[in-house]
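J.: Residue numbers (the numbering used here): 122 to 509.
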Amino acid sequence: MSQSIPWFPVFVPVSASAAIKCFIFPLSHPSTPPQQRVNKRFATTMAAPIGVHLVGSIPLPNTEQVLRQIPTALPNRLYSIPDGEPGVRQNYIGWELSCFPPETWRPFLPGSTGLPADHPGFTQDSVAPSQYDGAALDSYKRFVELRDQGIIPPGVRFQVSLPSPLACIQGHLRPEIHAQLEPFYERRILDSLNAIIAGIPAHDLAVQWDLPFEVIDLEYERGRLPDDFPFKPHFAPVKQGVLGRIQRLCAGIPGQVHVGFHLCYGDLEGKHLIEPEDLGLLVEFANDIVKAIRPRTVNWVHMPVPKDRDDVAYFEPLKGLAVDDNTRLVLGLVHFDDEDGTKRRIKAAQLATGKRFSVATECGMGRVPKEHLDSILRISKNVTEPIN
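(1) Please state the DSSP three-state secondary structure of I171.
(2) Please state whether DSSP places L400 in a helix, a strand or coil.
(3) Going by alpha carbons, who is nearest to L494 out of A470, V433, L195?
(4) Is it buried or exposed for F109, if we count other Cβ within 10 angstroms and need 16 for buried?
(5) Whole alpha helix (DSSP H) runs in the region 316–393 with 4 or more residues, listed along the chain?
(6) Counting pairs of Cβ atoms below 8 Å between the region 309–326 and the region 335–352, do you hit three or more?
(7) Where does V176 fall in DSSP's three states?
(8) Quick one: Cα of E398 to Cα of P354, how far?
(9) Using the three-state DSSP reduction, which class does S282 fall into: helix, strand or coil?
(10) DSSP three-state call for I202: helix, strand or coil?
(11) Give the range of the beta strand (DSSP E) segment to which V451 is assigned.
(12) What are the partner residues of M516, as DSSP defines its beta bridges?
(13) For T184, which residues from the same chain have a beta carbon less than 7 Å from its beta carbon, with the 5 sequence-adjacent residues on both sides left out?
(14) Assuming V422 contacts V378 under a Cβ cut-off of 8 Å, what Cβ separation, rounded to an integer in Å, is found between them?
(15) Is it true that the region 471–489 meets the region 415–432, where meeting means three or more beta-carbon pairs spaced less than 8 Å apart?
(16) Grab the span of the alpha helix (DSSP H) containing V277 for me, first residue to last.
(17) With a threshold of 8 Å, are at least 3 pairs of Cβ atoms found where one atom belongs to the region 456–463 and the other to the region 348–362?
(18) Assuming V173 contacts S479 under a Cβ cut-off of 8 Å, what Cβ separation, rounded to an integer in Å, is found between them?
(19) Taking just the CA atoms, how far does T234 sit from L442?
(20) For V209, is the classification buried or exposed, using 16 other Cβ atoms within 10 angstroms of its Cβ as the cut-off for buried?
(21) Of the residues Y341, G362, Q368, which one's Cα is nearest the Cα of E396?
(22) Based on the DSSP output, what are the partners of H423 in its beta bridges?
(23) Is it buried or exposed, V131, if we count other Cβ atoms within 10 angstroms and call 16 or more buried?
(24) Do V380 and V328 have their C-beta atoms within less than 7 Å of each other?
(25) Compute the Euclidean distance between the alpha carbons of S285 and G177, then round it to the nearest angstrom.
(26) Among the candidates G292, R198, A300, Y213, whose CA atom is the shortest distance from the CA of G276?
(27) Going by DSSP, what residues sit across from E506 in a beta bridge?
(28) Output the distance between the C-alpha atoms of Q368 and T418, rounded to the nearest integer angstrom.
(29) Alpha carbon to alpha carbon, what distance is there between F382 and Y253?
(30) For a test of the three-state rule: what should DSSP assign to R308, helix, strand or coil?
(31) Once the 5 residues before and after F305 are set aside, which same chain residues still bring their CB inside 6 Å of it?
As structure tokens, then:
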């Protein structure tokens with residue numbers, strides 16, 4: 122989550138991973154090491170991924186089309202379905218900028234007025250209510266109607282993807298006021314979440330927290346971004362601060378509501394802010410989240426897979442993923458017009474983890490050209506098995 126202004130307004134990728142080829146060893150070749158022959162046979166016989174996850178935004182003009190077309194394109198493959206975040210919501214957090222007074226906006230944003238030296242400060246009333254609950258509740262009504270008509274299968278939940286408050290604070294606002302305004306906006310997001318919980322039955326609801334800024338903050342703490350990085354965190358230690366925020370966001374969600382996490386490296390014109398070295402950081406982050414919000418269950422965790430990473434080494438850290446059987450691993454390895462590459466990435470992941478997983482794209486599709494959607498949906502269907 123048509124082309125629109127990217128939600129990381131000035132992000133420039135710091136590095137790009139080199140293309141890494143996947144070497145295929147013939148099973149019958151006498152020089153092939155025995156373990157590689159076993160691994161190759163394992164990869165070709167292991168069951169296909171099960172189910173498809175939609176990260177959030179979808180390049181269709183309205184919610185009606187999303188809720189009608191997606192279940193048909195992905196038959197028996199959906200655990201949940203979002204409303205596609207159409208219109209002004211296609212640009213991730215961009216539509217929430219108006220919740221903040223213009224003098225708080227980053228100077229490069231159009232309409233920023235500058236912060237006067239004698240500004241009296243801010244209160245809760247300085248931050249307008251979030252708009253996420255209104256959008257979600259409107260879409261849920263149509264979700265129920267289409268489910269009653271048999272267009273959306275029973276058992277599929279309505280998915281609401283929400284940004285963490287930190288995302289809007291770091292993305293939109295002047296760094297010198299992050300600490301002052303974050304509690305006020307966090308209150309607004311929690312109010313919006315509570316309205317969603319009150320308006321949608323728990324057995325129908327799935328909530329996804331989108332965490333790109335948290336992932337980038339953790340990479341900054343590891344030293345992979347420069348000290349003058351303009352979107353750096355305003356708190357330290359970073360990991361503890363991030364996990365404390367996630368605890369607060371999940372504390373009031375009823376146990377019957379499904380909760381998942383989209384661990385993201387950003388999406389600026391189809392590129393990450395910084396390329397992941399492998400899945401090591403995200404596996405560690407996922408394990409920490411699971412521990413931080415216990416006893417509630419993490420129902421899924423989504424991790425991106427760059428198009429050129431069909432090497433087993435990228436997925437090797439998945440062996441350390443410490444989640445229980447109620448947590449689905451979702452790998453964002455589906456790329457437009459690349460079914461063969463998608464299958465290679467699946468095989469590499471299977472070799473590393475030995476467990477079944479669901480598939481997805483790397484990020485929301487709202488900024489993907491509309492003509493790519495059919496290819497993505499077709500590949501997603503072809504490489505997966507239906508949900509039992």
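Just so it is clear, CB atoms sit at the ideal spot from N, CA and C, and this is done for glycine as well.
Bear in mind the structure is a predicted one, so any value in this text is a computation, not a measurement.
T.: Quick answer:
(1) As a first step, residue 171 is located in the sequence shown; it is residue number 50 there, counting from the start. In the structure shown, I171 sits in a strand (DSSP, three-state: E or B).
(2) For this step, residue 400 is matched to residue 279 along the sequence shown. Three-state result, L400: coil.
(3) Looking up residue 494 in the sequence shown gives position 373. The option with the nearest alpha carbon to L494 is L195.
(4) The requested residue 109 does not occur in the structure, where the chain is confined to residues 122 to 509.
(5) As far as the region 316–393 is concerned, its whole alpha helix (DSSP H) runs of at least 4 residues are 333–342, 359–371.
(6) Between the region 309–326 and the region 335–352 there are fewer than three C-beta pairs closer than 8 Å, too few to call the two in contact.
(7) Here the question's residue 176 lines up with position 55 in the sequence shown. V176 carries a coil assignment under DSSP once its states are collapsed to helix, strand and coil.
(8) Your numbering for residue 398 matches position 277 in the sequence shown. Your numbering for residue 354 matches position 233 in the sequence shown. Roughly 21 Å between the two C-alpha positions.
(9) Mapped onto the sequence shown, residue 282 falls at position 161. Of the three classes helix, strand and coil, the one that applies to S282 here is strand, per DSSP.
(10) Looking up residue 202 in the sequence shown gives position 81. In this structure, I202 counts as strand in the three-state DSSP scheme.
(11) The residue you call residue 451 lines up with position 330 of the sequence shown. Unbroken beta strand (DSSP E) run through V451: 449–453.
(12) Any question about residue 516 goes unanswered here, given that the chain covers just 122 to 509.
(13) Along the sequence shown, read from residue 1 onward, the residue named residue 184 stands at position 63. Hits under 7 Å: D204, G205, P207, S260, R263.
(14) Position 301 of the sequence shown, counting from 1, holds the residue named residue 422. Position 257 of the sequence shown, counting from 1, holds the residue named residue 378. Not quite, the Cβ-Cβ distance comes to about 16 Å (not below 8 Å), so this is no contact.
(15) Pairwise C-beta distances place the region 471–489 in contact with the region 415–432, as three or more of them are shorter than 8 Å.
(16) Taking the first residue of the sequence shown as 1, we reach residue 277 at position 156. Per DSSP, V277 lies in no alpha helix (DSSP H) segment and is marked neither H nor E.
(17) With the cut-off at 8 Å, the region 456–463 and the region 348–362 do not touch.
(18) Position 52 of the sequence shown, counting from 1, holds the residue named residue 173. Position 358 of the sequence shown, counting from 1, holds the residue named residue 479. That belief holds up - the Cβ atoms of V173 and S479 are roughly 6 Å apart, short of 8 Å.
(19) Here residue 442 refers to the residue found at position 321 of the sequence shown. Here residue 234 refers to the residue found at position 113 of the sequence shown. Cα-Cα distance, rounded: 46 Å.
(20) Here residue 209 corresponds to residue number 88 of the sequence shown, with the count starting at 1. Around the beta carbon of V209, fewer than 16 other beta carbons lie within 10 angstroms, which makes this residue exposed.
(21) The residue labelled residue 396 in the question sits at position 275 within the sequence shown. Selection Y341, G362, Q368 evaluated against E396 yields Y341 as nearest (Cα-Cα).
(22) The residue given as residue 423 occupies position 302 in the sequence shown. In the DSSP secondary-structure assignment, H423 is bridged to H383, V451.
(23) Position 10 of the sequence shown, counted from the first residue, corresponds to residue 131. Unreliable placement is indicated for V131, whose pLDDT of 34 sits below 50; no coordinate value is reported for it.
(24) On the sequence shown, position 259 is the one that residue 380 refers to. On the sequence shown, position 207 is the one that residue 328 refers to. Yes, these two residues count as a Cβ contact at 7 Å.
(25) To locate residue 285, count along the sequence shown from 1; it is residue 164. To locate residue 177, count along the sequence shown from 1; it is residue 56. Their backbone Cα atoms lie some 14 Å apart in a straight line.
(26) Here residue 276 corresponds to residue number 155 of the sequence shown, with the count starting at 1. It is R198 whose Cα lies nearest to the Cα of G276.
(27) As a first step, residue 506 is located in the sequence shown; it is residue number 385 there, counting from the start. Listed as beta-bridge partners of E506 by DSSP are I171.
(28) For the purposes of this step, residue 368 is taken as residue 247 along the sequence shown, with counting starting at 1. For the purposes of this step, residue 418 is taken as residue 297 along the sequence shown, with counting starting at 1. Spanning the two alpha carbons is a distance of roughly 12 Å.
(29) Sequence index remark: in the sequence shown, residue 253 carries index 132 (1-based). Sequence index remark: in the sequence shown, residue 382 carries index 261 (1-based). Each residue's alpha carbon lies about 17 Å from the other.
(30) The residue labelled residue 308 in the question sits at position 187 within the sequence shown. In the structure shown, R308 falls within a helical segment according to DSSP collapsed to helix, strand and coil.
(31) Reading the sequence shown from its first residue, position 184 is the one you call residue 305. Taken in chain order, the residues that qualify are Q245, V248.
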